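I have placed the structure first, in the form of structure tokens, so that the comments after it can refer back to it.
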Amino acid sequence: MGALGDVPGRAEQAERERDARPLMFCLERVAGAYHDVHERCPAVPKGDEVPGAMHTGRVALAEAVKVALGNGLNVIGEIPRERI
């Protein structure tokens with residue numbers, strides 16, 4: 000969540016300084032942090048596990064990360080993949 004919260008500030012910094020690197024490094028941190036979380040706490044239930052509120056929250060987090068990464072990539076001139 001901390002890395003995700005840094006995205007707007009780094010986007011503003013990149014624009015102000017006319018240097019995409021702060022945003023690029025931030026996007027890398029967001030992607031890495033989400034990957035670590037997803038490995039330990041997947042958004043989709045495993046096996047016969049019943050979906051619960053925690054899965055709903057994890058799906059919402061995944062969507063937020065997708066939006067942040069997609070928007071960040073657009074800002075730096077990259078076209079995000081349909082599926083991240």
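First residue of the sequence shown: 0, per numbering that gives the first Met the number 0; consecutive thereafter. Ideal placement from N, C-alpha and C gives every residue a C-beta, glycine not left out. Model, not experiment: these values are computed from the prediction.
Enclosing alpha helix (DSSP H) for residue i [first to last residue]
i	result
C25	R20 to R39
E14	G1 to E16
V66	A52 to V74
Same chain only: Cβ atoms within 8 Å of residue i, ignoring 5 sequence neighbours per side
i	result
F24	R9
R39	none
E48	none
Chain-order list of residues whose beta-carbon lies under 7 Å from that of residue i (same chain, five-residue window excluded)
i	result
V29	A2, L3, V6, V64, A67 and L68
G71	V6, A10, L22 and L26
Y33	V64
Test item: CB-CB of residue i and residue j under 9 Å
i	j	result
A13	V58	no
A42	A61	yes
Assumed close pair residue i, residue j - CB separation to whole angstroms, cut-off 8 Å
i	j	result
H37	P44	Rounded, the Cβ-Cβ distance is 14 Å, inconsistent with contact.
Sequence-distant residues of its chain with Cβ nearer than 6 Å to residue i (five each side left out)
i	result
P50	P44
P79	G69 and L72
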